[in-house]
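Quick mapping for you: the protein sequence lines, in order, are chains A and B. Under this note's numbering, the first residue of the first sequence is numbered 1, with each subsequent residue one higher. Under this note's numbering, the first residue of the second sequence is numbered 1, with each subsequent residue one higher. Ideal Cβ placement from N, Cα and C applies to all residues, glycine included. Quick caveat: nothing in here was measured; it's all calculated off a predicted structure.
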Amino acid sequence: MTGVRDWMGASPKKLKDIRAGELAQRFAFGAAVSLAAGIVGLLAGPRAGGLFLAFPAILPAALTIIEKKEGRRQAVQDERGSLFGAIGLVVFAVVCDVAILHLRVAVTVLLALLAWAVSSLVCYLASEALRVRSGRGR
Amino acid sequence: MSLGLRALVGGAFVMAFAALGEVLVPKRFAGIVSAAPSVAFANLLIVALSKGAPYGQREAQGMIVGALAFVTATIVGRWLVAQWGGLKGSLALCAVWLVVALGGYAVVLR
């Protein structure tokens, strides 16, 4: 891995490898976490419910499936990448907190999604650049 | 009605982001999507539209603490997944998230 092209890419062919059962498993998990956030919000208030909006909903199914298909090493690599997404998640929540009273709700959430993508990507690229400079990314 | 809608849309978003994660390479890059705001995006939108922006803001404040717990859990999770594998490691990661998130809630938000 020596350049930005090696650090980020897409392989649409892999979509064919996804089984319906795997997607259903992820849907069920996402639905369950959303339901939990709603119920906790009703019982303990919106701040408590809001905690669960940042629950690691994708990770358990993703890591289990990656380990099964591509081995533990790749699962660890995916987990390492999730740190950058989690940092972006903090930015997402802060943007929502700051902007939601001043902008339209839909605009706020879209702006927060953009902020998540940009901040996660910047952290990831900075980390990859540091890895290459230190000789660990080669 | 609102709870059912939140579950339905939240599940759909998690599924969509998970499919995106399958397509991206290398895995370190794809991992970013494993921490996408999949549940938050749709839920905040629905809640703020149905209950008002101030309610949505309070949920976002709770989410800041939850997201900081996520950052902590992913740092520890690297070791957990390497040691225990995908399933046990990620379940332990979720347990770390729960402890840190509830601790943060008790200290900061309550």
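Residue-level contact by beta carbon holds for A:L63 and chain B, with a gap shorter than 8 Å. Shown here, A:G9 sits in a strand according to DSSP, grouped into three states. Buried is the label assigned to B:K27, since at least 16 other Cβ atoms lie within 10 Å of its Cβ.
In the structure shown, A:L103 falls within a coil segment according to DSSP collapsed to helix, strand and coil.
If you check each beta-carbon in the stretch 70-87 of chain B against every beta-carbon of chain A, the ones closer than 8 Å belong to F70, V71, A73, T74, I75, G77, R78, V81, A82, G85, G86 and L87. With respect to the 8 Å criterion, B:A35 and A:A86 are classified as neighbours on the basis of their beta carbons. Taking 9 Å as the cut-off between beta carbons, the residues of the stretch 86-104 of chain B near chain A are G86, L87, G89, S90, L91, L93, C94, W97, L98, A101, L102 and G104, in sequence order. For B:L24, DSSP records a beta bridge to A:A10. At a cut-off of 8 Å between beta-carbon atoms, B:A60 makes contact with chain A. Taking a Cβ-Cβ threshold of 8 Å, the residues of chain B close to A:V76 are R78, V81 and A82, in chain order.
With contacts defined as CB atoms closer than 8 Å, A:T64 and B:G86 qualify as a contacting pair. Rounded to the nearest angstrom, the gap between the Cα atoms of A:D17 and A:K68 is 13 Å.
The contact set of A:A20 on chain B, defined by CB atoms closer than 9 Å, is empty, because the minimum CB distance reaches about 11 Å.
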